[in-house]
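Last residue of the sequence shown: 156 (numbering that gives the first Met the number 0), numbering continuous. Idealized CB from N, CA, C, for every residue including glycine. A short worksheet on the structure shown next.
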Amino acid sequence: MKTVIYPGSFDPITNGHIDIIGRASKLCDKVIVAVLKNPSKTPMFTVEERVNIINKVIEPYENVFVDSFSGLLVDYAKKNGATGIIKGLRAVSDFEYELQMALMNQKLCPEIETIFLMASTKNSFLSSSLIKEVARFGGSIEGLVPESVLKAIYNKL
Ligand code: PNS
């Protein structure tokens, strides 16, 4: 039974994240989407709202679950019996920070592997922050997030 953690802020989840979730669910027995409780950020959605939004979106995937965590990712991974951390890579700009995190996590817990999946071309420009910015200024974000997320964003605004 191979369990992996897909961690992030997911404020909110985008089609890019969902693409990674779908592909990870085919590679692994169990995928836990783990929303970080980060008090130093001012998010659009509370952790509970993000978990609820993700719960709806992952309905089609039988082996995907959602949870929230605080503290070190590797501690959360160990507690859940995970052997891998899934990360999506969009462009070279993601690489430096992701490499730094992967190596720190490797130092903290060598038994847990970080596995990178390349974002699909159509999603490689997507980010939660850009989506929120475009929506705030009245631009169209249709096709970039699922319908339920689109509604949640418009409700917030
Ligand atoms: O979606 P994000 O904000 O890029 O996700 C960042 C996340 C949650 C993967 C990262 O901040 C994280 O793992 N935080 C948990 C705290 C931790 O373990 N820090 C050391 C990692 S090197």
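{"query": "Determine whether the Cβ of asparagine 51 lies closer than 8 angstroms to any Cβ atom of chain B.", "result": "Annotation note: the requested chain B is absent from the structure, which comprises a single protein chain."}
{"query": "Based on Cα-Cα distance, which residue from Phe9, Lys131, Ala23 and Pro6 lies nearest to methionine 117?", "result": "Ala23"}
{"query": "Run through DSSP, which three-state label would leucine 156 get?", "result": "coil"}
{"query": "Whose C-beta lies closer than 7 angstroms to the C-beta of leucine 143 among residues of the same chain, with five residues either side of it excluded?", "result": "Thr13, Asn14, Leu125 and Ile130"}
{"query": "Suppose the cutoff is 7 angstroms on Cβ atoms and the five residues either side in sequence are ignored; what does the same chain contact list for serine 123 look like?", "result": "Arg89 and Ala90"}
{"query": "Just checking leucine 6 against ligand 1 - is the residue's beta carbon closer than 7 angstroms to any of the ligand's heavy atoms?", "result": "Looking at the sequence shown, residue 6 is not leucine but proline. Yes, Cβ of proline 6 sits closer than 7 angstroms to a heavy atom of ligand 1."}
{"query": "In this structure, how does DSSP classify alanine 33 when only helix, strand and coil are distinguished?", "result": "strand"}
{"query": "State buried or exposed for glycine 7, treating a residue as buried only when at least 16 other CB atoms are found within 10 Å of its CB.", "result": "buried"}
{"query": "Grab the span of the beta strand (DSSP E) containing isoleucine 4 for me, first residue to last.", "result": "2-7"}
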